[in-house]
Structure formats: C-alpha cells, structure tokens
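**Q** So that we are looking at the same thing, I have put the structure below in structure tokens.
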Amino acid sequence: MPGGTTIDYGKIASDTLEKDAPTVIGDDVRAKLQVSCDAPTLFAIKTTDERAGSAITGTGVPNNAFFGLGKTGSTNIGAYRISLVNVNADGKTVNVLRKAIGSTSYAKFAEMRPDEISAFGDGSNAVPVAYKNVTADLSLTTSVEKASALPLDKEIKFDGLATFEVVYL
Numbered sequence: 001m002p003g004g005t006t007i008d009y010g011k012i013a014s015d016t017l018e019k020d021a022p023t024v025i026g027d028d029v030r031a032k033l034q035v036s037c038d039a040p041t042l043f044a045i046k047t048t049d050e051r052a053g054s055a056i057t058g059t060g061v062p063n064n065a066f067f068g069l070g071k072t073g074s075t076n077i078g079a080y081r082i083s084l085v086n087v088n089a090d091g092k093t094v095n096v097l098r099k100a101i102g103s104t105s106y107a108k109f110a111e112m113r114p115d116e117i118s119a120f121g122d123g124s125n126a127v128p129v130a131y132k133n134v135t136a137d138l139s140l141t142t143s144v145e146k147a148s149a150l151p152l153d154k155e156i157k158f159d160g161l162a163t164f165e166v167v168y169l
C-alpha cells in the first residue's frame, strides 16, 4: 500500500444515517497491501490508530477492534475495522496471525487491531513463517455514529488515520 493511500466515501446524506444506532456505510471497501523483501524474511505488520480514542462503541464488535474516524467537536464520528483477505505469500494462500504487543503467542485472525501485530503463517500452526512477497486485500467496514449524536447542521469530515509499520521478528 503506497503511503498516503486514501479511502474516500464521498458525500453521505444525513438522512441515510440511522437515528438511534450506528450506520454501516462501507462494508468490504478494499485497498491493496503488498510487502516485498529481497529474501524470505520473518516480519509482521504493526497497526497504530492515529485517531485513538475517537472510535464509537456499541457496534456489536469488541471496542478494541476498531480504529477511530476522528471527532467533530467532542463527538466521535465513527469507527472502521480492517481485515486482511485474499492473503498470498510467495504464490500460496496463507493465514494471518495476530498477537498483542508484548504477548508471546499468536492466534489465527484476519482482523487487524490497533497496537497489535499481524504476521503470516502456512496454516500448520500459529507460528509466523518467513516470506519474500506478501500481498493482501485490506477489507474495511466503516460505521458512522448514530445521527442523533452528530451535529448534522454542518459538514463532517472523516479523519481516520491508521499507520502500518513493518516490524522484523
């Protein structure tokens, strides 16, 4: 994914938002992720939510699974979840392995979470494997706060920002 990749949802009419519950506005929006190394390398992707503390709650998904969309005044605008799908490494389909920073064990999860790392494995167990080339689709699911909580008399700009960092294991 080139630095500065932007996901643009365009203009969303306020009358399309649910009044008393978050509204999913983008389900399975895609972007590409690619990591290429000179030789097989043991690495992971660390994700950081640069708008931490601005993710809405009450979406039915654990709160630590979401990245924030920023704030309008003191109100959180929404949240988005990132999953890795269609993951291939060196021409083979592989599993995504996720672990919390500081943890010693991985589990198979395609969902990326803020301040956790995602590595890649061959499916035989939950242990990262060294690869030369990894490609994946980033699948984003985005929810906007309930309309009754937002100031709908003005334009609200989404300001979510996630940083991906390659870390060597």
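Counting from 1, one number per residue, gives the positions in the sequence shown under the working numbering.
Even glycine gets a Cβ: it sits at the ideal position worked out from N, Cα and C.
Do you know offhand how far residue 20's Cα is from residue 146's?
**A** By 1-based counting over the sequence shown, the position of residue 20 is 20. By 1-based counting over the sequence shown, the position of residue 146 is 146. In a straight line, the C-alpha of residue 20 is about 5 Å away from that of residue 146.
**Q** Who pairs with residue 80 in a beta bridge, going by DSSP?
**A** The residue labelled residue 80 in the question sits at position 80 within the sequence shown. For residue 80, which the question treats as bridged, DSSP gives the partners 67 and 142.
**Q** I'd like to know whether the C-beta atoms of residue 114 and residue 169 end up nearer to each other than 8 Å.
**A** Counting from 1 along the sequence shown, the entry for residue 114 is found at position 114. Counting from 1 along the sequence shown, the entry for residue 169 is found at position 169. Annotated as distal: residue 114 and residue 169, with beta-carbon spacing of 8 Å or more.
**Q** How is the beta strand (DSSP E) around residue 9 delimited, first residue to last?
**A** Numbered from 1 along the sequence shown, position 9 holds the residue referred to as residue 9. Neither: residue 9 is in no beta strand (DSSP E) and is coded neither H nor E.
**Q** Is it true that the CB of residue 144 sits closer than 8 Å to the CB of residue 121?
**A** Locating residue 121 in the sequence shown gives position 121, counting from the first residue. Locating residue 144 in the sequence shown gives position 144, counting from the first residue. No, the pair does not count as a contact, with Cβ atoms beyond the cut-off.
**Q** What first and last residue would you give for the beta strand (DSSP E) that runs through residue 55?
**A** Here residue 55 corresponds to residue number 55 of the sequence shown, with the count starting at 1. Counting along the chain, residue 55 falls outside any beta strand (DSSP E), and DSSP gives it neither H nor E.
**Q** Assign residue 104 to one of three DSSP states: helix, strand, or coil.
**A** Numbered from 1 along the sequence shown, position 104 holds the residue referred to as residue 104. Three-state DSSP puts residue 104 in coil, outside helix and strand.
**Q** In whole angstroms, give me the CA-to-CA distance for residue 70 and residue 55.
**A** Numbered from 1 along the sequence shown, position 70 holds the residue referred to as residue 70. Numbered from 1 along the sequence shown, position 55 holds the residue referred to as residue 55. If you take the alpha carbons of residue 70 and residue 55, they lie about 7 Å apart.
**Q** Residues in the same chain with beta-carbon distance under 8 Å from residue 37, minus the five sequence neighbours each way, listed in chain order, please.
**A** Locating residue 37 in the sequence shown gives position 37, where the first residue counts as 1. Annotation for residue 37: 43, 131, 132 and 133 place their beta carbon closer than 8 Å to its own, counting only its chain and skipping 5 residues before and after.
**Q** Checking the sheet assignment: what are the DSSP bridge partners for residue 118?
**A** Taking the sequence shown and counting its residues from 1, one reaches residue 118 at position 118. 45 and 98, per the DSSP bridge assignment.
**Q** Since residue 110 contacts residue 83 with CB under 8 Å, what's their CB separation in whole angstroms?
**A** On the sequence shown, position 110 is the one that residue 110 refers to. On the sequence shown, position 83 is the one that residue 83 refers to. About 5 Å separates the beta carbon of residue 110 from that of residue 83, a gap short enough to meet the 8 Å contact definition.
**Q** Can you confirm whether the region 3 to 10 touches the region 96 to 104 when touching is taken to mean that 3 or more C-beta pairs between the two stretches lie within less than 8 Å?
**A** no
**Q** Can you give the beta carbon distance from residue 162 to residue 47, rounded, assuming they're within the 8 Å contact cut?
**A** Taking the sequence shown and counting its residues from 1, the one referred to as residue 162 is at position 162. Taking the sequence shown and counting its residues from 1, the one referred to as residue 47 is at position 47. About 6 Å; that satisfies the 8 Å criterion.
**Q** How many Å lie between residue 117 and residue 124 at the Cα?
**A** Here residue 117 corresponds to residue number 117 of the sequence shown, with the count starting at 1. Here residue 124 corresponds to residue number 124 of the sequence shown, with the count starting at 1. Straight-line Cα distance between these residues: approximately 19 Å.
**Q** Using the Cβ count rule (16 or more neighbours within 10 Å means buried), how would you classify residue 30?
**A** Here residue 30 is taken as the residue at index 30 of the sequence shown, counted from 1. The residue in question, residue 30, is exposed, as its Cβ has fewer than 16 Cβ neighbours within 10 Å.
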